[in-house]
Amino acid sequence: MADKKIDSEVSEAQIAVHWKEEGYFKPSEKFKSQANVKDNSIFKRFSMENFPECYKEYADMLDWYEPYTKVLDSSNPPFFKWFTGGKLNASYNCIDRHLEKHRNKTAIHFVPEPEEEAIQHMTYQELYIKVNEFSALLRDFCGVKAGDTVTLHMPMIPEIAVAMLACARLGAIHSQVFSGFSGKACGERVADAKSKVLITADSYYRGGTLIDHKEKADIAYDEALKEGQKIEKILIFERYPGKYSAKTPLVEGRDYLVNDVIKKYYHAKVDPVALASEDSLFIMYTSGSTGKPKGAQHSIGGYLAYVTGTSKYVQDIHPEDVYWCMADIGWITGHSYIIYGPLALAASSVIYEGVPTHPDASRPWRVAEELDVNIFHTSPTAIRALRRIGPDEPTKYNYHFKHMTTVGEPIEPEVWRWYYNIVGKKEASVVDTWWQTETGGFLCSTLPGIHDMKPGSAGPGVPGIYPIIFDEEGNPLPAGSGKAGNICIQNPWPGRMLTIWGDDARFVRQYYQRYNKDPKSKDWHDWPYFAGDGAVEAADGYFRILGRIDDVINVAGHRLGTKELESAALMCQEVGEAAVVPVSDPIKGKIPHIFVSLKPGYTASTELQKKVTDTLAKEIGPFAKPGKVWIVSDMPKTRSGKIMRRILSAIANKQDVGDITTLANPQVVEEIINMP
Ligand code: WTA
922 MADKKIDSEV
932 SEAQIAVHWK
942 EEGYFKPSEK
952 FKSQANVKDN
962 SIFKRFSMEN
972 FPECYKEYAD
982 MLDWYEPYTK
992 VLDSSNPPFF
1002 KWFTGGKLNA
1012 SYNCIDRHLE
1022 KHRNKTAIHF
1032 VPEPEEEAIQ
1042 HMTYQELYIK
1052 VNEFSALLRD
1062 FCGVKAGDTV
1072 TLHMPMIPEI
1082 AVAMLACARL
1092 GAIHSQVFSG
1102 FSGKACGERV
1112 ADAKSKVLIT
1122 ADSYYRGGTL
1132 IDHKEKADIA
1142 YDEALKEGQK
1152 IEKILIFERY
1162 PGKYSAKTPL
1172 VEGRDYLVND
1182 VIKKYYHAKV
1192 DPVALASEDS
1202 LFIMYTSGST
1212 GKPKGAQHSI
1222 GGYLAYVTGT
1232 SKYVQDIHPE
1242 DVYWCMADIG
1252 WITGHSYIIY
1262 GPLALAASSV
1272 IYEGVPTHPD
1282 ASRPWRVAEE
1292 LDVNIFHTSP
1302 TAIRALRRIG
1312 PDEPTKYNYH
1322 FKHMTTVGEP
1332 IEPEVWRWYY
1342 NIVGKKEASV
1352 VDTWWQTETG
1362 GFLCSTLPGI
1372 HDMKPGSAGP
1382 GVPGIYPIIF
1392 DEEGNPLPAG
1402 SGKAGNICIQ
1412 NPWPGRMLTI
1422 WGDDARFVRQ
1432 YYQRYNKDPK
1442 SKDWHDWPYF
1452 AGDGAVEAAD
1462 GYFRILGRID
1472 DVINVAGHRL
1482 GTKELESAAL
1492 MCQEVGEAAV
1502 VPVSDPIKGK
1512 IPHIFVSLKP
1522 GYTASTELQK
1532 KVTDTLAKEI
1542 GPFAKPGKVW
1552 IVSDMPKTRS
1562 GKIMRRILSA
1572 IANKQDVGDI
1582 TTLANPQVVE
1592 EIINMP
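Numbers given in our numbering equal positions in the sequence shown, counted from 1, plus 921.
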C-alpha cells in the first residue's frame, strides 16, 4: 500500500475497501457434529421479533438466587437494564455450581513462562477453597464489602483469577489494570475508581526476565494520594509463595504479603452475596478520544449471561474442552473469555504467564500438545509474530485444535490463511470476533458450526446483534452495499457496559449522541450504539472492520489514545507541541509515531528522542513506546493553527502528502519529508 499514490484526505477506511473479497472456507463435518450450535434455528430464536425475550436463553445458562422479573428494562435509554429483579453471584456461577459434577476437574492450567518450571493445575475444588479464603481476607482484614471498588494490578499468574472471583463473591467491583501499565497509570486508575485496596504481585516473568512489579505499587500509591485517594492496604501475591522476589521493600502497616496474612483465613468459607443483576461486576479502563481513560462499568447479570452464551455458541466451549486464550486478563478479552465465560461453562482455562514467542516460536504448540488444548484464541499480532519467526513450527507438534479465534484487530487474509492451514491444520473452525471493551462480548463473528469462514471478514452480527452502517450524515447504507461507513448496533444487548464509571454524560455523548435523533426518546429503537469503527458490509451480510475512526490507535490489539500519548510527551519540559499518528507495521498492525516540536532554546538530539520515549513508558507503560520520535522545527498547520495530523501520517507512512498549498507553513512539510 505504501507505494500507491494516496491523497492524504482519503481516509484509511476508504483505502481498505479496495481489498478484494475472499473465497469461503467450510467448517469440517467433524466440528459440526459436535458443535453447540448445529443449525440456523438459533437465528430464528434470536430474531428481531423475539427481541429482547431471546436473551432469556443466555440468562437461563446461569443459576439465580432470585429469578428475574423483566428481561429488558428500556425505560430510560440509553441506560438499559437486563434481567431486573434477578439476583445472582458471578463467583457462585463460575465455581460453586460446578462442584457437584466437576470438583476434581482442572479449572485453571497455569503455564509459567520459564519452561523449566512445572505447569500447575488447579481444580474447581482448589479454586473454590482459594477464593473462599481470599474473600475472607478481603472482607475481614481489609473491610471490603459489596459495592466497594478494589483495584488489581496483577500479572498473568493464577492468583489473578482468585482475586477477581473473590471480589465477585463479596460483590466488590474489581478494576484490573493491565500489568504492563506503569505505576503512575495504575495510580490514576486507583484514584478514578476510589479504591482503598490495591492487589498486586511482587514479580512475574516476561521475555525471560523476572520483573520487579511491586515497585509499581509504590508509585501507584503516591500518584493516587496526589489525586486525593489514599490506598489503605496493598496486598501482594508472591510469584513464589514464601519467597519475596522483588527488590522493593515492604512498607510497614500498608503492604501485606498474602501468603502470610492468608494463614489466618485458612479453611474459611464465605457465602456468595446475592446481588442484583444490574449491580456492577467490574470496571475496565480503556482509551478514548480524550487524554483521560474511561472506566467501562459492567453489570453482573447481563454481562455474565452474555459472555456465557457467546462462549458456548461462538467459542463452542463444552465442559470437557481445554481452552486457551493467550490474551492478557488485564484486558477485556481476558475477563470475558479467559475467566468469566469459560469458567461459567466449567471448562479448563489456560493462563500463560509470558510472551508467546518465549523462548522460541514453537512454545505455544508445545503447550497445546502437552495440555491437549483444543480451543485456541489469540490476536493477529501474535499470529503474525509466530508466522514470521516459525512458519513451519506448528506442523512439528501433535496437537489438534477444533476451534480457533482471532480478536482485537483486522487480520490480513494472508495471515488468516496461515492460521487456518498451518496452525489449525485445516481442521479447526476459525472465528474472527469483532467487539470492544465497552460491549462486554462479541458483536460480529461467524458461528463456527454453521457459517462458512471468509478470511479478513468478522462475519454477520452474532445472535441477537443487529449491526447497521451509517454514513456521515446519519443515513443507513443499504445492507450489503460494500460501502464504508460507521458501524453501529441497532439494539441493546446484555453484555453492554452500564455506563462510564462516574460519567453518565460522557457515556451518552460518546456512544449514542452521534446517531440519536431525539435525545428525549424513550424508545430503544432511537438509540443505536456507535462503536467508533469503520466497516463495510458485503453482499453476503459479512462485516469487515476497517479500524478506528476516532483518535484511538490499535497497537498490537491494545488501544492507545493519541491524546493520552501526546499529553504524556508534554511532561518533558523541552516539548512544546506533540502529535501522534498511526503507522502501519507488519507485526503489530499499527504503531504510534510521535512528532514533537521544541520550546525555544532547546535543540534536537538523540538523547531528547530517548527522553520522550522513556517518558511515555513511565507515564503509560512500556507498550506505549513510539516506533519513532520525530523532532521537527514546526508542525504543519492550517491557517487557523490546527495541527494537520493527516499530513504527518502521510509522511510517516511514506505516502503522498497531497495538496499542501492551503497550509500556513507548507515549507515545513518538505523539511520533514527530507528528515533522516
Ligand atoms: C478493534 C478488544 C478488526 C476495533 C476486544 C475495536 C477489531 C477495538 C476486531 C476494540 C476484529 C476488535 N477485527 N478490528 N475482529 N476486534 N477490533 O476495547 O477497532 O481493546 O473498536 O477490545 O479493537 O478494542 P478493545
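For glycine and all other residues, C-beta sits at the position ideal for the given N, C-alpha and C.
| task | Go through its chain and collect everything with a Cβ distance to Asp-1425's Cβ below 8 angstroms, but skip five positions before and after it. | result | Indexing the sequence shown from 1 puts residue 1425 at position 504. So the qualifying residues of the chain are Phe-1000.
Fill in: Secondary structure of Gly-1149, DSSP reduced to three states
What you label residue 1149 is simply residue 228 of the sequence shown in a count that begins at 1. Gly-1149 falls in the coil class under three-state DSSP.
Considering Cα atoms alone, identify which of Glu-1485, Ala-956, Met-969, Lys-941 is closest to Pro-1384.
As a working mapping, residue 1384 is identified with position 463 in the sequence shown. That would be Met-969, whose Cα lies nearest to the Cα of Pro-1384.
(request) Would you kindly check if the distance between the Cβ of Ile-1140 and the Cβ of Gly-1104 is under 7 angstroms? (result) As a first step, residue 1104 is located in the sequence shown; it is residue number 183 there, counting from the start. As a first step, residue 1140 is located in the sequence shown; it is residue number 219 there, counting from the start. Contact flag set, yes.
Checklist entry - What residue does the alpha helix (DSSP H) around Asn-1014 start on, and which one ends it? => result On the sequence shown, position 93 is the one that residue 1014 refers to. Residues 1011-1015.
Nearest CA to the CA of Met-1077: which residue from Glu-1021, Gly-1482, Ser-1124? As a first step, residue 1077 must be located in the sequence shown, where it is residue number 156. Checked all of Glu-1021, Gly-1482, Ser-1124; the closest Cα to Met-1077 is Ser-1124.
Around the Cβ of Gln-1097, are there at least 16 other Cβ atoms within 10 angstroms (buried) or fewer (exposed)? Translated into positions along the sequence shown, residue 1097 becomes position 176. Gln-1097 is buried by the Cβ-count criterion.
Practice problem: Please name the residue, chosen from Cys-1365, Asp-1313, Glu-1359, Asn-1396, that lies closest to Val-1344 on a Cα-to-Cα basis. | Solution: The count along the sequence shown starts at 1 and reaches residue 1344 at position 423. For the residues Cys-1365, Asp-1313, Glu-1359, Asn-1396, the minimum Cα distance to Val-1344 belongs to Asp-1313.
Q. Contact check, Val-1517 vs Ala-1489 under 8 angstroms by CB: the rounded distance?
A. Sequence index remark: in the sequence shown, residue 1517 carries index 596 (1-based). Sequence index remark: in the sequence shown, residue 1489 carries index 568 (1-based). Between Ala-1489 and Val-1517 the Cβ distance is about 11 angstroms, and since that is not below 8 angstroms, they are no contact.
Tell whether a beta-carbon distance below 7 angstroms holds between Ile-1508 and Ala-1306. Taking the sequence shown and counting its residues from 1, the one referred to as residue 1508 is at position 587. Taking the sequence shown and counting its residues from 1, the one referred to as residue 1306 is at position 385. Yes, the Cβ-Cβ distance between Ile-1508 and Ala-1306 is below 7 angstroms.
Inset, instruction - Let me know if Ser-1056 comes out buried or exposed under the rule of 16 or more other beta-carbons within 10 Å of its beta-carbon. - result: Counting from 1 along the sequence shown, the entry for residue 1056 is found at position 135. Per the 10 Å Cβ criterion, buried.
Alpha carbon to alpha carbon, how far is Glu-1599 from Phe-972? Beyond the ends of the chain as shown, which are 922 and 1597, falls residue 1599; an answer cannot be given.
Given Pro-1413 as reference, the closest of Tyr-976, Ile-1259, Gln-1494, Thr-1354 once Cα atoms are compared
As a working note, residue 1413 is residue 492 in the sequence shown. Looking at the Cα atoms, Tyr-976 is the closest of the given residues.
Which residue wins for smallest C-alpha separation from Asp-1392, given the options Lys-1546, Ile-1386, Trp-1422, Ile-1470? Position 471 of the sequence shown, counted from the first residue, corresponds to residue 1392. Of Lys-1546, Ile-1386, Trp-1422, Ile-1470, the residue nearest in Cα terms is Ile-1470.
- Assess, as a yes-or-no matter, whether the segment 1215-1229 is touched by the segment 1285-1293 under the definition of 3 or more beta carbon pairs within less than 8 angstroms. Counting Cβ pairs under 8 angstroms, fewer than three are found: no touch.
*Return the first residue and the last residue of the beta strand (DSSP E) that Val-1065 is part of.*
As a working note, residue 1065 is residue 144 in the sequence shown. Per DSSP, Val-1065 belongs to no beta strand (DSSP E) and is neither H nor E.
Practice prompt. Could you pull the start and end residues of the beta strand (DSSP E) that Ala-1459 belongs to?
Written response: If you number the sequence shown from 1, residue 1459 lands on position 538. Premise fails: Ala-1459 is in no beta strand (DSSP E) and is neither H nor E.
Fill in: Residue span of the beta strand (DSSP E) that contains Tyr-1125, given as start and end
Against the sequence shown, residue 1125 aligns to sequence position 204. Element bounds for Tyr-1125: 1124-1127.
Exercise for review: Look at the alpha carbon of His-1279 and the alpha carbon of His-1042, and state the distance between them as a whole number of angstroms.
Suggested key: Numbered from 1 along the sequence shown, position 358 holds the residue referred to as residue 1279. Numbered from 1 along the sequence shown, position 121 holds the residue referred to as residue 1042. Looking at the two C-alpha atoms, the distance is approximately 21 angstroms.
query = For Met-1374 versus Phe-946, is the C-beta spacing smaller than 7 angstroms?
reply = For the purposes of this step, residue 1374 is taken as the residue at position 453 of the sequence shown. For the purposes of this step, residue 946 is taken as the residue at position 25 of the sequence shown. Taking 7 angstroms as the Cβ cut-off, Met-1374 and Phe-946 qualify as a contacting pair.
*Tell me the DSSP bridge mates of Pro-1513?*
Residue 1513 sits at position 592 when you count from the first residue of the sequence shown. Answer is Pro-1503.
Within this structure, are the beta carbons of Tyr-1206 and Gly-1222 separated by less than 7 angstroms?
For the purposes of this step, residue 1206 is taken as residue 285 along the sequence shown, with counting starting at 1. For the purposes of this step, residue 1222 is taken as residue 301 along the sequence shown, with counting starting at 1. Not a contact, by the Cβ cut-off of 7 angstroms.
Practice problem: Compare the C-alpha of Asp-873 against each of Pro-1547, Ser-1526, Ala-1525 and name the closest. | Solution: Nothing can be reported for residue 873, as the shown portion of the chain is limited to 922 through 1597.
Smallest Cα separation from Cys-1088: which of Thr-1302, Leu-1266, Thr-1211, Gly-1064?
-> Translated into positions along the sequence shown, residue 1088 becomes position 167. Of Thr-1302, Leu-1266, Thr-1211, Gly-1064, the residue nearest in Cα terms is Gly-1064.
Q | Selected residue, minimal CA-CA separation from Thr-1583, among Tyr-1433, Phe-967, Val-1351, Ile-1568 | A | Within the sequence shown, numbered from 1, the residue matching residue 1583 stands at position 662. Cα-wise, what sits closest to Thr-1583 is Ile-1568.
Starting from the C-beta of Pro-1263, find all residues in its chain whose C-beta is less than 7 angstroms away, skip the five residues before and the five after it, and write them out in chain order.
Looking up residue 1263 in the sequence shown gives position 342. For Pro-1263, where only same-chain residues beyond five positions count, the Cβ hits under 7 angstroms are Ser-1232, Ile-1238, Tyr-1244, Ser-1270.
| Every unbroken alpha helix (DSSP H) inside the segment 1358-1432 [4 residues or more] | Counting whole runs of 4 or more residues, the segment 1358-1432 contains the alpha helix (DSSP H) stretches 1425-1432.
Considering only C-alpha positions, which residue in the set Ala-1525, Met-1325, Ile-1572, Ala-1538 is nearest to Ser-1554? What you label residue 1554 is simply residue 633 of the sequence shown in a count that begins at 1. Minimum Cα distance to Ser-1554 is reached at Ala-1525.
**OP:** Within 10 angstroms of the Cβ of Glu-1037, are there 16 or more other Cβ atoms? Answer buried if so, exposed if not.
**Re:** If you number the sequence shown from 1, residue 1037 lands on position 116. Burial call: exposed.
- Item | Assigned secondary structure, Asn-1475 (DSSP; H/G/I helix, E/B strand, else coil) | Locating residue 1475 in the sequence shown gives position 554, counting from the first residue. Of the three classes helix, strand and coil, the one that applies to Asn-1475 here is strand, per DSSP.
* Asked: Just how far apart, CA to CA, sit Met-1085 and His-1219?
  -> Taking the sequence shown and counting its residues from 1, the one referred to as residue 1085 is at position 164. Taking the sequence shown and counting its residues from 1, the one referred to as residue 1219 is at position 298. So the two alpha carbons sit approximately 14 angstroms from each other.
| Proximity to Gly-1482 [Cα-Cα], best of Gly-1453, Leu-1467, Leu-1171, Val-1496 | Reading the sequence shown from its first residue, position 561 is the one you call residue 1482. Of Gly-1453, Leu-1467, Leu-1171, Val-1496, the residue nearest in Cα terms is Gly-1453.
Classification of Asn-1014 by the beta-carbon crowding that lies within 10 angstroms, buried from 16 upward: The sequence position of residue 1014 within the sequence shown is 93, counting from 1. With 16 or more other Cβ atoms within 10 Å, it is buried.
task = Return the Cβ separation of Val-1354 and Val-1328 in integer angstroms, given the expectation that the two are a contact with Cβ distance under 8 angstroms.
result = Reading the sequence shown from its first residue, position 433 is the one you call residue 1354. Reading the sequence shown from its first residue, position 407 is the one you call residue 1328. According to the sequence shown, residue 1354 is Thr rather than Val. That belief holds up - the Cβ atoms of Thr-1354 and Val-1328 are roughly 5 angstroms apart, short of 8 angstroms.
Buried or exposed by the 16-neighbour rule on C-beta atoms within 10 Å, applied to Lys-1511
The residue labelled residue 1511 in the question sits at position 590 within the sequence shown. So Lys-1511 ends up on the buried side.
Item to complete: Going by CA-CA distance only, name the one from Glu-987, Ser-995, Pro-948, Lys-991 that's closest to Ser-1442.
Response: By one-based count along the sequence shown, residue 1442 stands at place 521. Residue Ser-995 is the option with its Cα nearest to Ser-1442.
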